[in-house]
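Notes follow the structure.
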Amino acid sequence: MRRGETVTTDNLSGKTALITGGAKGIGRACCLRLAAAGANVAINYLTSEKAAQQTARLVEEQGAKATVLQADVSQADQVEQMVDAVESSLGPVDLLVNNAGIFDYVDHRETTQQQWQRTMDFNLNSAYLVTWAVKEGMAERGFGRIVNIASIAGLRARPHSIAYAVSKAGMIALTKSLAEAIAGDNIRVNAIAPGLIETDIIANVDPAAKQKLIDATPMRRLGQPEEIAEVAFFLLSEQSSFMTGQTIVASGGRVLLP
């Protein structure tokens, strides 16, 4: 790839995408959307090997190459090994989606330092580690696109999940600062702040509590992983060629920004 080369509006053919937490939910939807646009896809997972292999098969059914990589992205040595494996199998990473993360619903009076650190490690430090592992290569090639999956929790008070909210607010701050720092290398960094999305986490919520959350959403429904994947594709493609450092809220109207 020549320095400064861009991609066409709708085509990611020949690009290598790495999606952390890519086995299920939003991560899987991103894998499939990018594969549909022609990208080869590296699917990271921590424990969901069967789901990751299924995602890989779905990617390959679309004619794209796929590789599956088990790694704890909160650990620097595992991240380095993962990125090396991606480069060996699919080539240098052009597109990165930092999606891996956890959600803990813990009252502040019961939050321990260990729980706090675990949330920061998986939700925020992981994005730092993976991004830093690929951004120098992106800069050398003069091309890179990064999307961080944040949350509306990073934009509003969450008294029953403070660590989660702080980690996602940190993801948004990381997006802004890094975007300005590396824009000159033709690397764009943006974030998505999803609202309530129909994933495994929501599936385990008490039905009455789930309905209450839906009622608090102006569009009166849950979002679908595929809807977030479309936003990710937009931010990774040249449809958003003059956008960097931005956070797009996709919450069905639950969070309204000026």
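For the sequence shown, our numbering assigns the number 1 to the initial residue and increments by one for each residue that follows. Glycine is no exception: its CB is placed at the ideal position from the N, C-alpha and C atoms. Just so we're clear, the structure is a prediction, and the values are computed from it rather than from any experiment.
Residue range of the unbroken alpha helix (DSSP H) whose run includes T55:
E49 to E61
Taking the alpha helix (DSSP H) that V134 belongs to, which residues open and close that run?
S126 to R141
Considering only the alpha carbon of each residue, which of G38, V93 and Q70 lies closest to E61?
G38
Taking only the alpha-carbon atoms, compute the straight-line gap between L222 and P92 and give it to the nearest angstrom.
35 Å
Euclidean distance between Cα positions of S74 and F122
5 Å
Spatial distance of T112 from A100 (CA atoms)
22 Å
Could you say if the stretch 225-240 and the stretch 171-181 meet the contact criterion of at least three C-beta pairs nearer than 8 Å?
no
Thinking C-alpha only, which one of A71, K65 and R109 is nearest S89?
K65
Determine the direct distance from the alpha carbon of M138 to that of M1, and round the result to whole angstroms.
Note on M1: pLDDT 41, under 50, position unreliable in the model; no value is reported.
Separation of I192 from M243, as counted between CA atoms:
13 Å
Given A157 as reference, the closest of A36, V255, I19 and T55 once Cα atoms are compared
V255
To the nearest angstrom, how far is the alpha carbon of T55 from that of E226?
14 Å
Go through its chain and collect everything with a Cβ distance to G27's Cβ below 6 Å, but skip five positions before and after it.
I19, G21 and N99
Integer-rounded CB distance, given that P194 should sit under 8 Å from S251
7 Å
What number of angstroms, rounded off, separates the C-alpha of A163 from the C-alpha of A203?
22 Å
Per DSSP, cross-strand counterpart(s) of S161:
V106
Taking the alpha-carbon of L129 as reference, which of L155, D72 and E110 has the nearest alpha-carbon?
D72
CB contact flag (I152, V249, <8 Å):
yes
If you draw a straight line from the alpha carbon of R118 to that of I102, how long is it in whole angstroms?
9 Å
Kindly list the residues whose CB is nearer than 6 Å to the CB of G253, restricted to its own chain and excluding five residues on each side of it in sequence; keep chain order.
P218 and M219
Measuring alpha carbon to alpha carbon, tell me which of L46, R57 and K176 ends up nearest C31.
R57
CB-CB length for I149 against V97, believed under 8 Å:
7 Å
So what's N297 in DSSP terms, helix, strand or just coil?
The structure shown has nothing for residue 297, since the chain only spans 1 to 258.
Alpha carbon of A17 to alpha carbon of G144, nearest angstrom
10 Å
What residue from E49, A35, A36 and K15 has the CA that sits closest to A23's CA?
E49
When you compare only the Cα positions, how much space is there between D107 and Q115?
11 Å
Of the residues N190, A29, R141 and D84, the one placed nearest T199, counting alpha carbons only
A29
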